[in-house]
Every structure is written in C-alpha cells, then in structure tokens.
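When we follow our numbering, the leftmost residue of the sequence shown carries the number 48, and every step to the right adds one.
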Amino acid sequence: MSDISEDSEVSDIESDTDSDVDLAQEITESESSEDENMPNQRPWFRIYPPEIDEMQQNFAENVGLQDAPPRNSRPITYFFLFMTMDFLRQIVRETNRYAEDYIASKDRIQRFSRLHDWFKVGVLTLRDLKAFLAVILNMGIIKKPVITEYWNTKFASQSTKWFRDMFSRNRFQ
Numbered sequence: 048m049s050d051i052s053e054d055s056e057v058s059d060i061e062s063d064t065d066s067d068v069d070l071a072q073e074i075t076e077s078e079s080s081e082d083e084n085m086p087n088q089r090p091w092f093r094i095y096p097p098e099i100d101e102m103q104q105n106f107a108e109n110v111g112l113q114d115a116p117p118r119n120s121r122p123i124t125y126f127f128l129f130m131t132m133d134f135l136r137q138i139v140r141e142t143n144r145y146a147e148d149y150i151a152s153k154d155r156i157q158r159f160s161r162l163h164d165w166f167k168v169g170v171l172t173l174r175d176l177k178a179f180l181a182v183i184l185n186m187g188i189i190k191k192p193v194i195t196e197y198w199n200t201k202f203a204s205q206s207t208k209w210f211r212d213m214f215s216r217n218r219f220q
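Structure below.
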C-alpha cells in the first residue's frame, strides 16, 4: 500500500509541475499578444529637467490691472477699459465703409429692402454704435423669447420701453 501512495504522490507532484509550466506558457503568450496589440509603442528615452531661462528669473514687473478705476465706479467705466473710443470709432468707420461698398456692388436693390433705409437714416454714428451695444448687453440681462418682444406694446405688464426709446425695431434689426 505504501508503494501506491508513493506513486500517487509522485504523479501529483508531476501533474502540479506540468500545470505550472502550462500556466507560465499561457501568461507569456498572453503578454506577447498584448504587446503586439498595443499601438504606437515608442522607445524609452531620458527626460531632462527644463533649462532655466535667466530672463524669466529676473522678471519683476507689477502684473495685473495698472490703472484700476475706483471701487465705486459705474459699470460703463469698466466697459471702456476694453472698448476704447478709438476702437469704437474704428468699428463705425469700417461699418460705414462696408455698407457703402456693399450697396455699390448691388446692381439692383429690391423695392422693400432695408438697404434703402441706410441712406435715409444716415450712416452709422458713434452714438448709434454705443446705443446698439447697450441694447445688446441689456438683452443679456432682460430675457425675452424673441427679439421682437423687446419692442412689443401689446401687454403693458411686459413692456420694456427702454428698448423702444433706444431704437425702432426696424432700425435695430
């Protein structure tokens, strides 16, 4: 009986060893197939720390807004920090130039085209541009479902007279 148990133990050890070898082969095969499936494998290379720029170390300027308006300034003061009068004049000049070129390029303007109104009303002025920007910014604050509602007079409770005072609806559009 002892021979049988010894043979059994030896065969168990051999089968365990065989299964370990099989398992190792499977792991190696799966790793190699994963390596083949990985796209864009690149070679390893050393990454060095960035070089220090001498000029960058010596920078000592005062960053941020240099000439800030006083704390109690009106919002328009902040607006004019970004939209200078020179910039607004340039917009007016280029808008008028574009309108003249566009109208001159048209052979025939339709009877009810708003282009006819361009010369009746006159060219765009700086005052018109400021009013237009004010209307656009206020439309962001006072929300209406459609643009024409800003000029609607049907319901007094929903009236926004300020928009009508700035422009007629047709002039705005």
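Backbone N, C-alpha and C fix where the C-beta goes; we use that ideal spot for every residue, glycine too. Note that the structure is a prediction, hence the values are computed from the model and not measured.
- Counting other Cβ atoms within 10 Å of its Cβ, residue 198 reaches 16 or more and is therefore classed as buried.
- Residue 144 holds the alpha-carbon nearest to the alpha-carbon of residue 169 among 87, 120, 144.
- Distance from the Cα of residue 214 is smallest, within the candidate group 157, 183, 99, 148, for 183.
- Distance from the Cα of residue 191 is smallest, within the candidate group 205, 108, 178, 201, for 205.
- In terms of Cβ geometry, residue 139 and residue 162 do not form a close pair [threshold 8 Å].
- Sequence-distant Cβ neighbours of residue 207 in its own chain, meaning closer than 7 Å and more than five residues away, are 189, 197.
- The beta carbon of residue 209 sits closer than 8 Å to those of 185, all from its chain and outside the five residues before and after it, given in chain order.
- Distance from residue 173 to residue 136 at the Cβ level is roughly 6 Å; contact confirmed, criterion being Cβ atoms closer than 8 Å.
- Closest option to residue 113, judged by alpha-carbon separation, among 94, 128, 201: 128.
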